[in-house]
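Read through the structure below, which is laid out as structure tokens, and then see the notes.
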Amino acid sequence: MPTGIAGFDQITAGGLPRGRTTLVCGGAGCGKTLFGIEFLVNGARQYKEPGVFLAFEETADELTENVASLGFELGELIEREMIFVDFVKIDRSEIQEAGDYDLEGLFVRLGHAIDSVNAKRVVLDTLEALFAGFEDEALLRSELRRLFRWLKDRGVTAVITGEQGEGTLTRYGLEEYVSDCVVALDNRVVDQVSTRRMRIVKYRGSAHGANEYPFLIDEDGFSVLPVTSLGLDYDVSTDRVPTGVSALDDMLDGGGYFRGSSILVSGTAGTGKSSLAGLFSDASCRRKERVLYFALEESGAQVCRNMRSIGLDLEGWQKKGLLKIRAARPTVFGLEMHLVTIHKAIEEFEPRAVVIDPISSLITAGNAGEVKSMLVRLFDYLKMKHITCLVSSLTSSTGFEETEIGISSLIDTWFQVRDIEIGGERTRGLYLVKSRGMGHSNQVREFVITSHGVDLVPVAVGPQGVLTGSARVHQELEQRAEAIARHQEIERKQRTLHRKSRVLDNQIEAMRAELAAEEDEHRSLVTELEEREHRIAESRAKLAENRAATRTRAARKA
Amino acid sequence: MSTTRKASSGSRKAADAASSEYLLRLYVAGQTPKSVAAFANLKQICETHLKGRYRIEVVDLLQNPALARGDQILALPAVVRQLPPPVKKIIGDFSNAERVLVGLDLRPLKKPRSA
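Protein chains in written order, with the numbering used here: chain A, 1 to 558; chain B, 559 to 673.
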């Protein structure tokens, strides 16, 4: 049977066992009565099931008054005969016992109450008051056993409350009569921080979560958050959400963060982590996507003022209802409570993006292990809801690659912002440690915060290493001067070369001319010689004709 | 047992400090042996100690369950001394006459405990 208590029906897979009795036990002030009241009020309002509240400790008026602050209009429900409240006053001093008796009167009253509103739900708060009112405990116990059987026979779903005893669930051992369902409430104080927790001790015939679940009592009453019952089976999105800094988008494969991913910005003090968070919030609001900003170290007004200095109007977004800043010191309550309040705020506001600034301060509300487990659950929850989450974390100046809380493995995209001290200046360098599922830049960028926002400038890399700030500007100037000088040098060299080649060309020309002259001379010489040989040959022929005898002799010889 | 009224106003002793009339309301749930015994025991005690100046009203809660609320009845049988004030409540089958008398303020308390 659904209780209508937020979260409780989830962890019990449907609520309390119908037609059975449930024992709700816990120490003083842990919310037992409230649990009962909510069970009835929700039953009456949401499920149209009338209920009976048998109060042993408070009168109907007191009860109505006490729960009025939680928004339960008990008086109205009583008038509409949806809830019947009967105050059972037990005052031992007024009663004299003289002989045998039984508690039939209680049965009669309860029966009458149930009949008068046709109740399906019954709350007895708290039966243990009976033990103070009557001497005969043995009789009381047998009557209680009879009462539980009677309730079962009537078919009503009952909640009885019991005060926690020492080492037992209830002071008078009520749990031994209730075999179906036992819920233990707890309000623990660790390091002066109190956390309410609930545990289903026993639930016959139901697969219930066995963990302790933190719960919250606030202006809306009781809410249990099954924050431990999440798995890793969420869908993922390939949508991108811009970071608010276009240069940063470029570093992230040009798109920005994945929707529903978790982003960590870590860095030492004053490195601009909050500015990145602010820019991201601003960018989301510009896309008309709601952002929930948890400020754990500053007030909402302070966040707005500080962001104004970099040109962001967060107040305007707040007025438009796109941004909600919830500021709370981590120490105001325990970690679990933080988780629960964050959950609740998310359920109410339904943001598309969540900013927590900074998570490292949560460490003051718990130890590192607890913080990690809380964040695991928080990130799981956010991922399930496809809410992009940007958290910042303050790191000590030594351990750069290690966040204090050791949550880096939970993070999809991790930026490191670090101080770079060069030439008497402190500047900021930003680089991506990792970004799952996208090709991303591996370069260090200088992170420049101006009154218009944030810009990322590629850093200069000189012989001395990475240069930022004035050193970078100086380096750039120097490089430019050097470049000009180099350019001039080249031009000069080119001119020289040009000149040289012209000289050589001239020389070549002259030599060619010389050669040509020599060739000419040579040619004329050759012709002359040929002519001379020709003439010699002619003259020889003539000589031979003249000497014919000589010729015949010569022929004979051949 | 239906609601009956037994009035017996006889001779009043002016000297008696508790001379006022006693109005006793007996709550029972049905005519069980216990309720019958309770009525008989109560009547006997009254006859002995309050002869002539008491009245017993019997309320059967099975017939008028709503009446249990007014006198904050839980245990049964129970008798409520409506008059004289203050209201006194005694539960049981009244087999212990001593305690009934203490409860009705008819006898000074011997034990330090109890009202």
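C-beta: ideal position from N, C-alpha, C; glycine also.
Beta-carbon proximity check, A/S266 vs A/Q416, cutoff 8 Å: Numbered from 1 along the first sequence, position 266 holds the residue referred to as residue 266 of chain A. Numbered from 1 along the first sequence, position 416 holds the residue referred to as residue 416 of chain A. Contact flag set, yes.
With burial defined as no fewer than 16 other Cβ atoms inside 10 Å of the residue's Cβ, what is the status of A/K120: buried or exposed? Reading the first sequence from its first residue, position 120 is the one you call residue 120 of chain A. Of the other Cβ atoms in all chains shown, 16 or more fall within 10 Å of the Cβ of A/K120; this residue is therefore buried.
Contact criterion: CB-CB distance below 8 Å. Does A/E79 meet it with respect to chain B? Locating residue 79 of chain A in the first sequence gives position 79, where the first residue counts as 1. Chain B contact via Cβ: absent.
Three-state class that DSSP yields for A/G43 in the structure shown: Translated into positions along the first sequence, residue 43 of chain A becomes position 43. DSSP places A/G43 within a helical segment (H, G or I) once states are collapsed to three.
Starting from the Cα of A/V241, find the closest Cα among A/S93, A/R532, A/G256 and give me that residue. Here residue 241 of chain A refers to the residue found at position 241 of the first sequence. Of the listed residues, the one whose Cα sits closest to A/V241 is A/G256.
Inter-residue spacing [alpha-carbon to alpha-carbon] between A/A98 and B/N654: Stepping through the first sequence from its first residue, residue 98 of chain A is reached at position 98. Stepping through the second sequence from its first residue, residue 654 of chain B is reached at position 96. Taking C-alpha positions only, A/A98 is separated from B/N654 by approximately 5 Å.
What is the DSSP secondary structure of A/C353, counted as helix, strand or coil? For the purposes of this step, residue 353 of chain A is identified with residue 353 of the first sequence, where counting begins at 1. The residue you asked about is not Cys; residue 353 of chain A is Ala in the sequence shown. Correct three-state label for A/A353: strand.
A/P330, buried or exposed, once every other Cβ within 10 Å from all chains shown has been counted against 16: Here residue 330 of chain A corresponds to residue number 330 of the first sequence, with the count starting at 1. By the neighbour-count rule (16 or more Cβ atoms within 10 Å), A/P330 is buried.
Where A/E401 falls: helix, strand or coil (DSSP): Looking up residue 401 of chain A in the first sequence gives position 401. At A/E401, the pLDDT of 48 sits below 50, so the modelled position is not reliable and the matter cannot be decided from this model.
Taking 8 Å as the CB-CB limit, is A/R109 close to chain B? On the first sequence, residue 109 of chain A is found 109 positions in, with the first residue counted as 1. Put simply, the CB of A/R109 is near chain B, with a gap under 8 Å to one of its CB atoms.
Who are the near neighbours of A/D91 in its chain, counting only those whose CB is closer than 8 Å to its CB and skipping five residues on each side? Here the question's residue 91 of chain A lines up with position 91 in the first sequence. So the list reads G133, once near-sequence residues are dropped.
Please compile the residues from chain B whose C-beta is within a distance smaller than 7 Å of the C-beta of A/E57. Mapped onto the first sequence, residue 57 of chain A falls at position 57. Per Cβ cutoff of 7 Å: no residues; A/E57 is ~14 Å from chain B at best.
Return the first residue and the last residue of the beta strand (DSSP E) that A/G267 is part of. For the purposes of this step, residue 267 of chain A is taken as the residue at position 267 of the first sequence. Counting along the chain, the beta strand (DSSP E) containing A/G267 begins and ends at 262-267.
Give a yes or no on whether 8 Å exceeds the smallest Cβ distance from B/P591 to chain A. Against the second sequence, residue 591 of chain B aligns to sequence position 33. No - not a single Cβ of chain A is within 8 Å of the one on B/P591.
Show which residues of chain A have a CB atom less than 8 Å away from the CB atom of B/G650. Taking the first residue of the second sequence as position 1, residue 650 of chain B is located at position 92. Near B/G650 (Cβ distances below 8 Å), the residues of chain A are E97, A98, G99, D100, Y101.
Looking at chain A, which residues of the stretch 603-615 of chain B have a Cβ within less than 9 Å of any of its Cβ atoms? In summary, no residue of the stretch 603-615 of chain B has a CB separated from any CB of chain A by less than 9 Å.
Which word fits A/E401, buried or exposed, when buried means at least 16 other C-beta atoms lie within 10 angstroms of its C-beta? Counting from one through the first sequence, the residue named residue 401 of chain A turns up at place 401. No answer about A/E401 holds up, because its pLDDT of 48 lies below 50 and its placement is not dependable.
Are the C-beta of A/D218 and some C-beta of chain C separated by less than 8 Å? In summary, chain C is missing from the structure at hand, where the protein chains are A and B.
Reduced DSSP secondary structure (H/G/I, E/B, other) of B/Y612: As a first step, residue 612 of chain B must be located in the second sequence, where it is residue number 54. Strand, per DSSP.
Stretch-stretch touch, CB-based, cutoff 8 Å, three pairs: the stretch 597-608 of chain B with the stretch 113-127 of chain A: The stretch 597-608 of chain B, when compared against the stretch 113-127 of chain A, does not touch it at the 8 Å Cβ threshold.
At 8 Å on the CB atoms, spell out the chain B contacts of A/V88, in chain order. Numbered from its first residue, the first sequence carries residue 88 of chain A at position 88. Within chain B, the residues near A/V88 are Q630, L632.
Just list the residues that DSSP pairs B/I649 with in beta bridges. Your numbering for residue 649 of chain B matches position 91 in the second sequence. A/E97, B/A636, per the DSSP bridge assignment.
Check whether the Cβ atoms of A/V85 and A/I78 lie closer than 8 Å to each other. Position 85 of the first sequence, counting from 1, holds the residue named residue 85 of chain A. Position 78 of the first sequence, counting from 1, holds the residue named residue 78 of chain A. Taking 8 Å as the Cβ cut-off, A/V85 and A/I78 qualify as a contacting pair.
One or two residues paired with A/N187 in a DSSP bridge: If you number the first sequence from 1, residue 187 of chain A lands on position 187. According to DSSP, which records beta bridges pairwise, A/N187 is partnered with A/R196.
When burial is assigned at 16 or more other CB atoms within 10 Å of the CB, is A/A517 buried or exposed? Within the first sequence, residue 517 of chain A is the residue found at index 517, counting from 1. Exposed: under 16 other Cβ atoms inside 10 Å.
Element boundaries [beta strand (DSSP E), containing A/K324]: Counted from its first residue, the first sequence places residue 324 of chain A at position 324. Boundaries of the beta strand (DSSP E) harbouring A/K324: 323-327, taken from the DSSP string.
Name the DSSP beta bridge partners of A/A28, please? Within the first sequence, the letter at position 28 stands for residue 28 of chain A. BP columns for A/A28 are empty, so no partner.
Are the stretch 153-170 of chain A and the stretch 121-131 of chain A touching by the rule of at least three beta carbon pairs closer than 8 Å? Counting Cβ pairs under 8 Å, three or more are found: they touch.
List, in chain order, every chain A residue whose beta-carbon is nearer than 8 Å to that of B/L620. The residue you call residue 620 of chain B lines up with position 62 of the second sequence. V108, listed in chain order.
Using the Cα positions of A/T33 and A/D61, report the straight-line distance between them to the nearest angstrom. Here residue 33 of chain A refers to the residue found at position 33 of the first sequence. Here residue 61 of chain A refers to the residue found at position 61 of the first sequence. Spanning the two alpha carbons is a distance of roughly 14 Å.
Tell me whether A/L70 sits in a helix, a strand or coil according to DSSP, three-state version. Stepping through the first sequence from its first residue, residue 70 of chain A is reached at position 70. Of the three classes helix, strand and coil, the one that applies to A/L70 here is coil, per DSSP.
Tell me whether the beta-carbon of A/Y177 lies closer than 8 Å to the beta-carbon of A/F148. Mapped onto the first sequence, residue 177 of chain A falls at position 177. Mapped onto the first sequence, residue 148 of chain A falls at position 148. Yes.
Would you please verify whether the beta carbon of A/R20 is less than 8 Å from any beta carbon of chain B? Here the question's residue 20 of chain A lines up with position 20 in the first sequence. With respect to chain B, the C-beta atom of A/R20 has no partner C-beta closer than 8 Å.
Count the other C-beta atoms from every protein chain shown that fall within 10 angstroms of the C-beta of A/V503, then say buried if there are 16 or more, exposed otherwise. Here the question's residue 503 of chain A lines up with position 503 in the first sequence. When all chains shown are included, A/V503 counts as exposed.
For B/V660, three-class secondary structure by DSSP: For the purposes of this step, residue 660 of chain B is taken as residue 102 along the second sequence, with counting starting at 1. B/V660 falls in the helix class under three-state DSSP.
Do A/P214 and A/L292 have their CB atoms nearer than 8 Å? The residue given as residue 214 of chain A occupies position 214 in the first sequence. The residue given as residue 292 of chain A occupies position 292 in the first sequence. Cβ atoms of A/P214 and A/L292: not closer than 8 Å.
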